[in-house]
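Chains as they are written, first to last, in my numbering: chain A, 118 to 429; chain W, 1146 to 1440. The beta carbon of each residue, even a glycine, is placed where N, CA and C say it ideally should be. These numbers come from a predicted model, not from an experiment.
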Amino acid sequence: MTASPEIDLSVELGRLRLANPILVASGTFGYAREMAGIVDLGRLGGILPKTITQQPRPGNAPWRTIETTGGMLNSIGLDNDGIEAFVAHHLPYFVTLTTPIIVSIAGKTEDEFVEMARRLRDLPGIAALELNVSCPNVSAGTDFGKDPVKCHHVVAGVRAVATQPVIAKLTPNVSDIGTLAKAAGEAGADAISLINTVLGMAVDWKKRRPLLGNGMGGLSGPAIKPIALRMVYQAAQATRTPLIGIGGIATLDDCMEFFVAGASAVQIGTANFYNPTCTMTILDGLPGAIASLGAKSLHEIVGTLTLNPPKC
Amino acid sequence: MTAPVTSHDASHAQPHFADGCQFAKVTVAANDRLARDTYRLRVTFPGLARRIVPGQFVMVRLAGLNDPLLGRPLALYDTVVDAAGQVTGVEVVYRVMGKATARLSQYQAGQSVELWGPLGNAFSPAATEHLIMVAGGIGHTPFMALAKEFLGVRSYGQRRVERAGRVTLCYGERSAEYFAAVDAFRATGLDVRLSSDDGSLGHHGRVTDLLRQVLDENGNRGRVVCCGPEVMMAAVARLAAERSVPCQVSLETPMACGLGICFSCVAKVRQADGTYDYKRTCVEGPIFDAEKIEF
Ligand SMILES: Cc1cc2nc3c(=O)[nH]c(=O)nc-3n(C[C@H](O)[C@H](O)[C@H](O)COP(=O)(O)OP(=O)(O)OC[C@H]3O[C@@H](n4cnc5c(N)ncnc54)[C@H](O)[C@@H]3O)c2cc1C
Ligand SMILES: Cc1cc2nc3c(=O)[nH]c(=O)nc-3n(C[C@H](O)[C@H](O)[C@H](O)COP(=O)(O)O)c2cc1C
Ligand code: FES
């Protein structure tokens, strides 16, 4: 498809401006350096390195991932070197990139989230923070993402100290995503990203044991796309805060579905594993797809889904 | 360094990022049965083939399918050289284990797979008087290219290794019908020794018996490289350690990306300070010094 230069792909997520809406999701793109040889990092709208925590975490015991029908379960367990190693060893590389880097952080407590945000204040190379209040693989990891009051607190707390725009990443493992999205928006989140993985399990019935070392894990990949689309749509009805759609996105069509359902941008996750250059293919076709709807900008098509009246 | 580094550090550990990696949808040139449940897949992919070296691997995915979804890691078996001497393609040899390999075994020439690589580090190119390759089952696959390289028959990528004084392959299978490419191994000129669990071919017993014999004969010289089931690699590593012979193993941890971005392929690796840490097999391996691995 030929590029249509007249199509405006830029995105405004509160105070965060991105050249285009195609981002890569935390935990599915390493620390970007790994992908520099196979993907043109400069073309991405944004990069989310793997979530960092205050202290180093070794992660969970193997097996850490299991392929399931149309998707995969993971229980990596936030394996990372901690915030100081991140600042010392990864940030210098990010500073050399032109692509906005959105640093994903996870705290065990509200204070820890705030402390981490304070540590990252004013550091060059960080375009925004994403609060991972939704990792299913660490005990208590999803607390903040399940309780609207706690979610509000942690977002407001980080917002008060952070010098960068703040994104709240929500879990799908709740009964009412709208309430959570509203809470995050009211607390001052510049944007809300959703969804993290869906809690699941794989079983070896012969051994009568779970297949993952950690018992349960998070489901991702094409299998979860309908859930993610539904939740983005519901969140879009509940809040005016810009949304970043995540979940099973692998193709240009997938991206367009999320935009129409209410996402201003998208993050590609698991697809990086099995189709490492898919982001480039999506970017090649994006202007043409927007133009095919008669629009001149991405902005015009976001949230334009109308529900058909039920026919009986 | 004071505190044990508990994880993989991208910038100072210098693992083998997939910097020269290429991704492409490629056509199957051939997919031939070699032995029971064992097939050799050949694809044309010059960019990848010119770079890959023994011990490295590629990820192979059944193009366009969401089930199986992920690629599967397969070691370089050999590269394909055309009549003009140009390196044009790669071969992998695989055993039918589950979903992806069962489907792949049905593929015909002309169908498409997606492939990316070269991935991972490589077997050490260090010169040795005797290179002893120990293979359990389908673990023999990385040794075809390595044997040719150390026998001076072929070279791979940019690297040039010094001819080994001797190259031996100790290769064990469950039974005779599983042995693949024994004639091809013999044709390279190496010393091939076989064992089978049921005694239907070669020595009736374990491949470690063959290794013990080789080390007895050569007075514990040279170095060992090993690939196969974990229990077998653990036994080989122990024997090599007892005889003070250096040993490298090729680990086969399950992988989702092969690129270093998912953190699923970890193995417990001993650090300089004696502590163990999870390392990504796809970027810091798959080849490790055996003494560093906790089996
Ligand atoms: C670097 C490397 C090189 C390799 N080279 C070769 C090669 O040259 N030839 C070759 O035949 N094989 C090779 N393998 C192994 C090969 O990748 C697997 O056999 C293949 O992925 C099986 O895929 P499948 O879909 O057929 O089987 P699957 O359906 O994925 O599973 C096969 C078996 O593995 C088990 N399994 C599934 N998932 C996991 C998990 N997460 N952790 C542990 N076990 C699991 C299953 O229970 C089942 O018994 C290599 C592996 C690595 C890491
Ligand atoms: C192996 C793996 C590791 C992940 N690690 C993280 C993480 O560290 N932090 C985070 O916020 N999300 C993490 N995620 C969730 C993804 O960012 C994403 O929200 C989820 O996988 C759904 O998108 P997908 O279907 O496109 O993968 C991880 C997902 C996978 C598959
Ligand atoms: S297989 Fe994904 S990090 Fe190694």
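Could you spell out the range, first to last residue, of the beta strand (DSSP E) harbouring residue i?
i         : result
W:Leu1291 : Premise fails: W:Leu1291 lies in the alpha helix (DSSP H), 1288-1295, not in any beta strand (DSSP E).
A:Glu129  : 128-130
W:Asp1434 : 1432-1434
A:Gly402  : Counting along the chain, A:Gly402 falls outside any beta strand (DSSP E), though it belongs to the alpha helix (DSSP H) covering 395-408.
A:Leu135  : 133-135
W:Ile1406 : Per DSSP, W:Ile1406 belongs to no beta strand (DSSP E) and is neither H nor E.
Look up residue i in the DSSP assignment and give the residues it is bridged to.
i         : result
A:Arg174  : A:Asn197
W:Phe1202 : W:Ala1220, W:Leu1264
W:Cys1372 : W:Ala1280, W:Ser1395
W:Gly1234 : W:Thr1189, W:Val1225
A:Asn249  : A:Lys286
W:Tyr1421 : W:Arg1415
W:His1168 : A small fix is needed here, since residue 1168 of chain W is Phe in this sequence, not His. Paired residue(s): W:Trp1261.
A:Gln384  : A:Leu140, A:Ile363
W:Val1390 : BP columns for W:Val1390 are empty, so no partner.
A:Ile169  : A:Ile222
W:Ala1175 : W:Arg1187
W:Glu1318 : W:Ser1341
A:Asn425  : None; A:Asn425 has no bridge partner.
Please report the residue range of the alpha helix (DSSP H) in which residue i lies.
i         : result
A:Arg276  : 265-278
A:Phe230  : 227-236
W:Glu1363 : Note on residue identity: the sequence assigns Asn, not Glu, to residue 1363 of chain W. Its alpha helix (DSSP H) spans residues 1352-1363.
A:Tyr391  : 388-391
A:Leu295  : At residue 295 of chain A the sequence reads Gly, which differs from the Leu that was named. Per DSSP, A:Gly295 belongs to the alpha helix (DSSP H) from 294-303.
A:Leu415  : 415-418
Taking its Cβ as the centre, do 16 or more other Cβ atoms sit within 10 Å of residue i, making it buried, or is it exposed?
i         : result
A:Trp322  : exposed
W:Asp1223 : buried
W:Glu1259 : buried
W:Ala1386 : exposed
W:Asp1343 : exposed
W:Glu1236 : buried
W:Met1377 : buried
W:Thr1308 : Residue 1308 of chain W is actually Arg in this sequence, not Thr. Its Cβ having fewer than 16 others within 10 Å, W:Arg1308 is exposed.
A:Asn425  : exposed
A:Pro241  : exposed
A:Met348  : buried
A:Glu123  : exposed
Residues in the same chain with beta-carbon distance under 6 Å from residue i, minus the five sequence neighbours each way, listed in chain order, please.
i         : result
W:Tyr1423 : Val1411
W:Met1289 : Tyr1222, Asp1223
A:Val128  : Leu135, Pro138, Ser381, Ala382
W:Ile1118 : Any question about residue 1118 of chain W goes unanswered here, given that chain W covers just 1146 to 1440.
W:Arg1415 : Tyr1421, Lys1437
W:Leu1210 : none
A:Asn249  : Thr168, Ser221, Ala223, Lys286
A:Gly364  : Ile312, Ile341, Lys342, Ala345
W:Ser1156 : Annotation note: pLDDT 37 at W:Ser1156 (below 50); position unreliable, coordinate value reported separately. For W:Ser1156, where only same-chain residues beyond five positions count, there are no Cβ hits under 6 Å.
Secondary structure at residue i, three-state DSSP: helix, strand or coil?
i         : result
W:Leu1396 : coil
A:Leu336  : strand
A:Phe211  : helix
A:Met318  : strand
W:Thr1313 : strand
A:Thr186  : coil
A:Tyr350  : helix
W:Thr1333 : coil
W:Leu1186 : strand
A:Glu123  : coil
W:Tyr1323 : helix
A:Leu369  : helix
W:Glu1429 : helix
A:Pro327  : strand
W:Arg1181 : coil
A:Arg150  : helix
A:Ile155  : coil
W:Leu1249 : helix
A:Val377  : helix
W:Ala1163 : coil
A:Ile344  : helix
Between which residues of its own chain and residue i is the CB-CB distance below 7 Å, once the five residues before and five after are set aside?
i         : result
A:Ala279  : Ala234, Arg238, Leu246
W:Gly1281 : Gly1317, Val1352, Gly1373, Pro1374, Met1377
W:Arg1187 : Ala1174, Ala1175, Val1225, Gly1234, Glu1236
Run the proximity test for residue i: is its beta-carbon closer than 7 Å to any non-hydrogen atom belonging to ligand 5?
i         : result
W:Gly1403 : Absence of ligand 5 from the depicted structure is noted, with ligand 1, ligand 2 and ligand 3 being the only ligands included.
Please list, in chain order, all residues of the same chain as residue i whose beta carbon is under 8 Å from its beta carbon, the five residues on each side excluded.
i         : result
W:Asp1354 : Ser1340, His1348
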